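Just so you know, the sequences run in chain order A and B. The first sequence: position 73 = 73 (our numbering), numbered continuously. Numbers given in our numbering equal positions in the second sequence, counted from 1, plus 1000.
Number of protein chains: 2
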Amino acid sequence: MGDRAAKNALFDGFSEVAKALGNGRRAELVDVLAQGERNVDDLATEISQSLANTSFHLRTLAQSGLVATRREGTRVYYRLASARVGELWAAMRDVAASHIAELDVLAEAYLGDRSQLETIDQDELAQRIDDGSVVVIDVRNSTEYAAGHIRGAQSIPIDELADRVDELPDDVEIVAYCRGPYCVFADDAVRLLADHDRGALRLVGGFPEWQADERPTSA
Amino acid sequence: MGDRAAKNALFDGFSEVAKALGNGRRAELVDVLAQGERNVDDLATEISQSLANTSFHLRTLAQSGLVATRREGTRVYYRLASARVGELWAAMRDVAASHIAELDVLAEAYLGDRSQLETIDQDELAQRIDDGSVVVIDVRNSTEYAAGHIRGAQSIPIDELADRVDELPDDVEIVAYCRGPYCVFADDAVRLLADHDRGALRLVGGFPEWQADERPTSA
DNA sequence: AGCCTTGTCAAGTAGTTCCTTGAATATCTT
DNA sequence: AAGATATTCAAGGAACTACTTGACAAGGCT
């Protein structure tokens, strides 16, 4: 008991989990999977990597126990092994955001300048859904919407939004949400709606954060 | 906005934190630093690595923003950058424990068989401290005790315990605690006390868990 | 049965990580 | 100023990681 070799092995075991998350592409995969299960091909497109490489990264995640699989015909669906994996990913992202100085710069380079975009937080949105003073749109793709969404939200994937602006009533404010704090879809939606002279707000955080807070959802 | 290179850079940024934790020796350093600040020499001994290598690992952790430093004379003290880093480490450890099958085996190889050792949880200990029906001993080293301990606990480092058993009253039960769920000191203490015919219990979790739960501490 | 779709495996290469050794630097003590 | 203590830096080699290409496997459709 308590010898060095065993201690090394134990802590190497713990660090396996961190190693699995210690690659940008795998982190992206976890971020996408936090929205719900997806097949390999789909995930490869999502992270802009070859199928073989994506398959390899998914296997790495599976070996560390972070993701699980399900086969359906020729397709293999991957999902997070549990909700705690999603929480771990969120915790990691938050620690990175608060302790790595240059992360602000990287985030702004990817997201663009958010300072002009109005936001709404979860409490306020819940309130306004109750009193009917907003229309909520889910601008993620339709698979993600189908896997689970904010109760009462309607699905308008971001690349269909320009063609479907007319579907939205023009007498209430619009709230757009997507995958999470580092997802650009809702930002793009708010900008696009502003170009059409529609007042629109972005929900701070995305569906996983709403769900983690145990607020009303549908699927 | 939203281009692939920027997205890669952003997620590579997030995964820096995971990379920093993705090495067994660095994970150990974080585990030790969760007890309070320590100098480099001390940490090198703690993780059984050369001074140069330990210094290198600490610099890696510092670059990812997980640890911060303070100089005092010729000594440099390292500490966790914030309490959230400790929480992240705990979350990672828990995900590893619940999703990696072989971790049980590794833990038992390091800790030995715990099934014969009686335990007590935080709620029950808090209760029994209040009604005075236990003596609590902190079997970590004295620096760690000095940096913060369970209110009312007395310090008896594990390697002094054999010589100091007589200091303990023999009419109340003894509760030993140490660094956390994967620390052997309290297990060793309970076994040693049992050999001296003293009834002893191990607190589930250690000082960081007690503190995270906002229970009474002193320093 | 034969072909198609979807996903995994294997080999190879460029780049990175871990740890060691030995030298350099920073601060304190005398 | 010289010596002692504590820490960091630099160079180098063995081991691992990320990604590519091309071959293989598993299941479904006709």
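In this text, a Cβ means the ideal position worked out from N, Cα and C, and glycines have one as well. All values derive from a computational prediction rather than experimental measurement.
The beta strand (DSSP E) with residue i in it runs from where to where?
i, result
"GLU1072(B)", "1067 to 1072"
"VAL175(A)", "173 to 177"
"LEU80(A)", "75 to 80"
Would you list the one or two residues that DSSP bridges to residue i?
i, result
"ASP1138(B)", "SER1155(B), TYR1177(B)"
"PHE143(A)", "Looking at the sequence itself, residue 143(A) is Thr, so the reference to Phe does not match. According to DSSP, which records beta bridges pairwise, THR143(A) is partnered with nothing at all."
"LEU1203(B)", "ILE1120(B)"
"ASN8(A)", "Answer is none; ASN8(A) lacks a bridge partner."
"HIS149(A)", "SER218(A)"
"ARG1038(B)", "TYR1078(B)"
Have a look at residue i and residue j and give me their C-alpha separation to the nearest angstrom.
i, j, result
"ALA1020(B)", "PRO181(A)", "23 Å"
"TYR177(A)", "GLU102(A)", "26 Å"
"GLY1199(B)", "ALA1034(B)", "29 Å"
"GLY24(A)", "ALA68(A)", "20 Å"
"VAL136(A)", "GLY206(A)", "12 Å"
"GLU214(A)", "PHE14(A)", "29 Å"
"ASP1121(B)", "VAL1204(B)", "5 Å"
"ALA1005(B)", "ARG191(A)", "22 Å"
"TRP1089(B)", "ALA219(A)", "33 Å"
"VAL1105(B)", "ALA52(A)", "32 Å"
"MET1(A)", "ALA1126(B)", "Confidence in MET1(A) is poor, its pLDDT being 48 and thus under 50, which makes the residue's placement unreliable; the coordinate value appears in the next sentence. Going from the Cα of MET1(A) to the Cα of ALA1126(B) covers about 29 Å."
Going by C-alpha distance, which of the options is nearest residue i?
i, options, result
"ASP187(A)", "ARG128(A), GLN63(A), LEU111(A), SER142(A)", "LEU111(A)"
"THR1143(B)", "ASN1039(B), ALA1081(B), LEU1029(B), GLY1073(B)", "ASN1039(B)"
"ARG202(A)", "LEU51(A), GLU124(A), SER82(A)", "GLU124(A)"
"ASP1162(B)", "VAL1139(B), ARG1179(B), GLU1173(B), ALA1153(B)", "It should be noted that the sequence gives Ala, not Asp, for residue 1162(B). That would be VAL1139(B), whose Cα lies nearest to the Cα of ALA1162(B)."
"TRP1264(B)", "LEU1029(B), TYR1077(B), GLY1148(B)", "Residue 1264(B) cannot be examined here, being either before or after the span of chain B that is shown, 1001 to 1219."
"LEU58(A)", "VAL85(A), SER50(A), LEU29(A)", "LEU29(A)"
"LEU117(A)", "GLY36(A), VAL184(A), ALA219(A)", "VAL184(A)"
"ALA9(A)", "ALA1027(B), PHE1011(B), ARG1071(B), ARG1084(B)", "ALA1027(B)"
"VAL1076(B)", "LEU1066(B), LEU1043(B), GLY1152(B), ASP1171(B)", "LEU1043(B)"
Need the endpoints of the alpha helix (DSSP H) that residue i sits in, please.
i, result
"VAL1032(B)", "1024 to 1033"
"LEU111(A)", "103 to 111"
"GLN63(A)", "51 to 63"
"ARG1164(B)", "1161 to 1164"
"ASP1094(B)", "1083 to 1099"
"ASP191(A)", "In the sequence as displayed, the identity of residue 191(A) is Arg instead of Asp. From DSSP, the alpha helix (DSSP H) with ARG191(A) extends over 185 to 195."
Legend entry - Residues within the segment 148 to 162 of chain A neighbouring chain B, beta-carbon criterion of under 7 Å: Within the segment 148 to 162 of chain A, no residue has its Cβ closer than 7 Å to any Cβ of chain B.
Inset, instruction - Closer than 8 Å, Cβ to Cβ, to anything on chain A: give me those residues from the segment 1108 to 1123 of chain B, in chain order. - result: Those residues of the segment 1108 to 1123 of chain B placed with their C-beta closer than 8 Å to a C-beta in chain A are ALA1109, TYR1110, LEU1111, GLY1112, ordered along the chain.
Inset, instruction - Return the residues of the segment 1084 to 1102 of chain B that lie within a Cβ-Cβ distance of less than 9 Å from chain A, sorted by chain order. - result: So the list reads ARG1084, VAL1085, GLU1087, LEU1088, TRP1089, ALA1091, MET1092, ARG1093, ASP1094, VAL1095, ALA1096, ALA1097, SER1098, HIS1099, ILE1100, ALA1101, GLU1102, given in the order they occur along the chain.
Legend entry - Near-chain A residues of the segment 1017 to 1028 of chain B - C-beta to any C-beta below 7 Å: Residues passing the 7 Å Cβ filter: VAL1017, ALA1018, LYS1019, LEU1021, GLY1022, ASN1023, GLY1024, ALA1027, GLU1028.
Legend entry - Contact set between the segment 4 to 17 of chain A and chain B, restricted to residues whose Cβ is under 7 Å from the partner: Answer set for the segment 4 to 17 of chain A: ARG4, ALA6, LYS7, ASN8, ALA9, LEU10, PHE11, ASP12, GLY13, PHE14, SER15, GLU16, VAL17.
Inset, instruction - Identify each residue in the segment 49 to 77 of chain A for which the Cβ-Cβ distance to at least one residue of chain B is less than 8 Å, and report them in chain order. - result: Taken in chain order, the members of the segment 49 to 77 of chain A whose beta-carbon sits within less than 8 Å of a beta-carbon on chain B are SER64, GLY65, LEU66.
Legend entry - Residues of the segment 1169 to 1201 of chain B whose Cβ lies closer than 8 Å to any Cβ of chain A, in chain order: Close to chain A, meaning a Cβ-Cβ distance shorter than 8 Å, are the following residues of the segment 1169 to 1201 of chain B: TYR1182, VAL1184, ASP1187, ASP1188.
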